[in-house]
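Asks: Mapping the sequence shown onto UniProt numbering, position 169 (from 1) lands on 169, and the numbers just tick up by one. The C-beta atom is built at its ideal place from N, Cα and C for all residues, glycine as well.
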Amino acid sequence: MTFWITALYLLSANFLLKGYLADSAASNTGARDNKGTEFILTFTENLQRDEHDAKLQAVGTTQTPATVTVEAPAVGFTTTFNVSFGEVKTVDLPRVAVELRGSGVQDKGIHVTASEEITVYGVFTESATSDAFLALPTDVLGTEHFASCSPPSGSFPSQIGVVGTDDGTTVSIVPKQGVTFDGLAYAAGQTITVTLDRLQCLQLQSDGDLTGWVSYHFQQERGGLQWKPFRYRW
Numbered sequence: 001m002t003f004w005i006t007a008l009y010l011l012s013a014n015f016l017l018k019g020y021l022a023d024s025a026a027s028n029t030g031a032r033d034n035k036g037t038e039f040i041l042t043f044t045e046n047l048q049r050d051e052h053d054a055k056l057q058a059v060g061t062t063q064t065p066a067t068v069t070v071e072a073p074a075v076g077f078t079t080t081f082n083v084s085f086g087e088v089k090t091v092d093l094p095r096v097a098v099e100l101r102g103s104g105v106q107d108k109g110i111h112v113t114a115s116e117e118i119t120v121y122g123v124f125t126e127s128a129t130s131d132a133f134l135a136l137p138t139d140v141l142g143t144e145h146f147a148s149c150s151p152p153s154g155s156f157p158s159q160i161g162v163v164g165t166d167d168g169t170t171v172s173i174v175p176k177q178g179v180t181f182d183g184l185a186y187a188a189g190q191t192i193t194v195t196l197d198r199l200q201c202l203q204l205q206s207d208g209d210l211t212g213w214v215s216y217h218f219q220q221e222r223g224g225l226q227w228k229p230f231r232y233r234w
């Protein structure tokens, strides 16, 4: 993901607008939305190396101020703050703790909890590449996901990221292209099966377009996958 923006959420102004519309519609219909009190997420690789930190933005959505805690357990990072209705608080996350690198399994999940419902966005800017995405709360995550990716460009591969919300989460991914994952080569159409624990992540990268990959998630009790499959050139 490089001055490439996650296509699922499009450009920052667009996903902020969509988030507002989703909030408004959900309040009237009771539909699932992007507001929540728990989020589990990760940041896929930004191939530029100016070493800017990733940022997380929390937006207050209730009249009662929310107390928000952001954790990156792999490196012992924790911060707690309050956010009021309509307010945006930005947290700088240590890049080495949250950015996925290469094609494999990594312990780089981020856990966000709040006393009231909030919305959460991820922003990862560099001098020539930037990403942004809307995080979904754990209570609306799904079990089946399709990737729609732009082709690789130069040395920048296509890539997807997945983070588990519960221990013992089995993820099966069927590539449309050959890929190397955790040092093993997989042919197109060969199923990759990985078990992720809570806050454990995987990233897949390919020199071919990853469009069409599908992931099925089988969970023991509850939960789902936070899925970041898309990348577009900015």
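Three or more beta-carbon pairs under 8 Å between the region 204-213 and the region 164-180, yes or no?
Replies: The region 204-213, when compared against the region 164-180, does touch it at the 8 Å Cβ threshold.
Asks: If you draw a straight line from the alpha carbon of F81 to that of I118, how long is it in whole angstroms?
Replies: Locating residue 81 in the sequence shown gives position 81, counting from the first residue. Locating residue 118 in the sequence shown gives position 118, counting from the first residue. If you take the alpha carbons of F81 and I118, they lie about 13 Å apart.
Asks: If we ignore side chains and look at the alpha-carbon of each, how far apart do D197 and G104 end up?
Replies: On the sequence shown, position 197 is the one that residue 197 refers to. On the sequence shown, position 104 is the one that residue 104 refers to. So the alpha carbons of these two residues sit roughly 14 Å apart.
Asks: Is it buried or exposed for T67, if we count other Cβ within 10 angstroms and need 16 for buried?
Replies: Counted from its first residue, the sequence shown places residue 67 at position 67. With fewer than 16 Cβ atoms within 10 Å of its Cβ, T67 is classed as exposed.
Asks: May I have the straight-line CA-CA distance separating Q203 from A31, to the nearest angstrom?
Replies: What you label residue 203 is simply residue 203 of the sequence shown in a count that begins at 1. What you label residue 31 is simply residue 31 of the sequence shown in a count that begins at 1. Each residue's alpha carbon lies about 31 Å from the other.
Asks: Exposed or buried, D92, counting other C-beta atoms within 10 Å across all chains shown (16 or more means buried)?
Replies: Start at 1 with the first residue of the sequence shown, and residue 92 comes out as number 92. It is exposed - the Cβ of D92 has fewer than 16 other Cβ atoms within 10 Å.
Asks: Do T113 and T37 count as a contact pair if the criterion is CB distance below 8 Å?
Replies: Taking the first residue of the sequence shown as position 1, residue 37 is located at position 37. Taking the first residue of the sequence shown as position 1, residue 113 is located at position 113. For T37 and T113, yes; Cβs fall inside 8 Å.
Asks: Does the beta-carbon of F39 have 16 or more other beta-carbons within 10 angstroms, so that it is buried, or is it exposed?
Replies: Reading the sequence shown from its first residue, position 39 is the one you call residue 39. Its Cβ being crowded by 16 or more others within 10 Å, F39 is buried.
Asks: From what residue to what residue does the beta strand (DSSP E) around A135 run?
Replies: If you number the sequence shown from 1, residue 135 lands on position 135. Unbroken beta strand (DSSP E) run through A135: 130-135.
Asks: Can you tell me whether F124 is buried or exposed, with buried defined as 16 or more other CB within 10 angstroms of its CB?
Replies: By 1-based counting over the sequence shown, the position of residue 124 is 124. The residue in question, F124, is buried, as its Cβ has 16 or more Cβ neighbours within 10 Å.
Asks: Measuring CB to CB, does T165 end up less than 8 Å from T195?
Replies: Sequence index remark: in the sequence shown, residue 165 carries index 165 (1-based). Sequence index remark: in the sequence shown, residue 195 carries index 195 (1-based). In this structure, T195 does not lie closer than 8 Å to T165 by Cβ.
Asks: Any C-beta of chain D sitting closer than 8 Å to the C-beta of I118?
Replies: Going by chain labels, chain D is absent from the structure shown, which holds only one protein chain.
Asks: Give me the Cα-Cα distance between F218 and T143, rounded to the nearest whole angstrom.
Replies: Locating residue 218 in the sequence shown gives position 218, counting from the first residue. Locating residue 143 in the sequence shown gives position 143, counting from the first residue. With a pLDDT of only 49 at F218, under the threshold of 50, the placement of this residue in the model should not be trusted; the figure read from the coordinates follows. Computed Cα separation, rounded: 7 Å.
Asks: Mark D33 as exposed unless 16 or more other C-beta atoms lie within 10 angstroms of its C-beta, in which case mark it buried.
Replies: Taking the sequence shown and counting its residues from 1, the one referred to as residue 33 is at position 33. Its Cβ being crowded by 16 or more others within 10 Å, D33 is buried.
Asks: Measuring only the C-alpha atoms, how far is V163 from A58?
Replies: Here residue 163 refers to the residue found at position 163 of the sequence shown. Here residue 58 refers to the residue found at position 58 of the sequence shown. Taking the straight line from one Cα to the other gives about 19 Å.
Asks: Is any heavy atom of the ligand FMN found at a distance shorter than 7 Å from the C-beta of A185?
Replies: Among the components modelled here there is no ligand, and therefore nothing to report on the ligand FMN.
Asks: Any idea what DSSP makes of T44, helix, strand or coil?
Replies: Residue mapping note: residue 44 aligns to position 44 of the sequence shown, counting from 1. In the structure shown, T44 sits in coil (DSSP, three-state: anything other than H, G, I, E or B).
Asks: Which of helix, strand or coil does DSSP assign to D92?
Replies: Residue mapping note: residue 92 aligns to position 92 of the sequence shown, counting from 1. Three-state result, D92: strand.
Asks: By alpha-carbon positions, which one of I173, Q48, G183 ends up nearest to T193?
Replies: Indexing the sequence shown from 1 puts residue 193 at position 193. Checking every option, the nearest Cα to that of T193 belongs to I173.
Asks: Taking the Cβ atom as the reference point for each residue, do L100 and T44 lie within a distance shorter than 8 Å?
Replies: Here residue 100 refers to the residue found at position 100 when the sequence shown is read from its first residue. Here residue 44 refers to the residue found at position 44 when the sequence shown is read from its first residue. Taking 8 Å as the Cβ cut-off, L100 and T44 qualify as a contacting pair.
Asks: According to DSSP, simplified to helix, strand and coil, what is T80?
Replies: Here residue 80 refers to the residue found at position 80 of the sequence shown. Note: T80 maps to strand in three-state DSSP.
Asks: Once the 5 residues before and after S84 are set aside, which same chain residues still bring their CB inside 7 Å of it?
Replies: Position 84 of the sequence shown, counting from 1, holds the residue named residue 84. So the list reads G60, P65, once near-sequence residues are dropped.
Asks: Using the rule of at least 16 other Cβ atoms within 10 Å of the residue's Cβ for burial, across every protein chain shown, is G109 buried or exposed?
Replies: By one-based count along the sequence shown, residue 109 stands at place 109. By the 10 Å Cβ count, G109 comes out buried.
Asks: Please list, in chain order, all residues of the same chain as G102 whose beta carbon is under 8 Å from its beta carbon, the five residues on each side excluded.
Replies: Counting from one through the sequence shown, the residue named residue 102 turns up at place 102. Here the set comprises E45, Q203, Q205.
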